[in-house]
Amino acid sequence: MCKCDDLKNTIIQILANYKINDMKKTQITIDIELDENNVPEKMTWNAEDGGIEKEETKATMISVWDDAKKEALRIDLWTKDMPVDDMKMFLHQILISLSNTYERATGEEDVAQWMEEMAEEFAQKAAIKM
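Encoded structure:
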């Protein structure tokens, strides 16, 4: 199981604890330490309902949907010591995760399968060491 699955399961656990009537709130935070050029040197993240506190990470990608503009807004950050091979693996796992999310959201197994095949082609072209 990849780290992205751990994060996904943590977020699902947090959302499962959400009470509709009481509108319980929770937080997921990312703390970023920057160098003098505003390049991330260290990142930690916290998920209060997921039992995660100050867990270090070298990369994060956050996407949110702007419903009014019908567009995705993104923040992609990685520390300057993130190894290139690790970044390739991170991106490959995200592509696989996107195909799984697409299938759950749409039920379109054929398109999700095509996305997964593209992810595997990416892994080959990027010479990802698994």
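In my numbering, the protein residues as written are 180 to 309.
Note that CB positions come from ideal geometry on N, CA and C, so glycine has one too.
Since we're looking at a predicted model, the values are computed, not measured.
Closest residue to residue i among the options (Cα-Cα distance)
i: D214; options: D260, N279 and T189; result: D260
i: A195; options: D210, I207, D228 and N217; result: D228
i: K233; options: G286, W224 and L277; result: W224
i: E295; options: K308, A284 and L277; result: L277
i: K187; options: I241, K203 and I307; result: I241
i: E235; options: K221, L274 and M297; result: K221
Residue span of the beta strand (DSSP E) that contains residue i, given as start and end
i: M240; result: A238 to D245
i: E223; result: Note that residue 223 corresponds to Thr in the displayed sequence, not to Glu. Unbroken beta strand (DSSP E) run through T223: P219 to A226.
i: D207; result: The identity of residue 207 in the sequence shown is Ile, whereas the question assumes Asp. That run of the beta strand (DSSP E) goes I207 to L213.
i: D260; result: Looking at the DSSP string, D260 is not in any beta strand (DSSP E), and its letter there is neither H nor E.
Where the alpha helix (DSSP H) containing residue i begins and where it ends
i: K267; result: V263 to T285
i: M297; result: E288 to K304
Close beta carbons around residue i, own chain, < 7 angstroms, minus the five adjacent residues each side
i: W244; result: A251
8 angstroms Cβ shell around residue i - same chain, five flanking residues per side excluded
i: M266; result: A238 and W257
i: I190; result: I207, A226 and G229
is_contact[residue i, chain C] using C-beta, thresh 8 angstroms
i: D264; result: Included in the structure is just one protein chain, with no chain C present.
Same chain only: Cβ atoms within 6 angstroms of residue i, ignoring 5 sequence neighbours per side
i: A291; result: S278, Y281 and E282
i: F269; result: A238
i: A263; result: One point to set straight first is that residue 263 is Val, not Ala, in the sequence displayed. Excluding sequence neighbours, V263 sits near nothing in its chain.
Local Cβ density within 10 Å of residue i, reported as buried at 16 or more and exposed below that
i: P219; result: buried
i: I275; result: buried
i: I254; result: exposed
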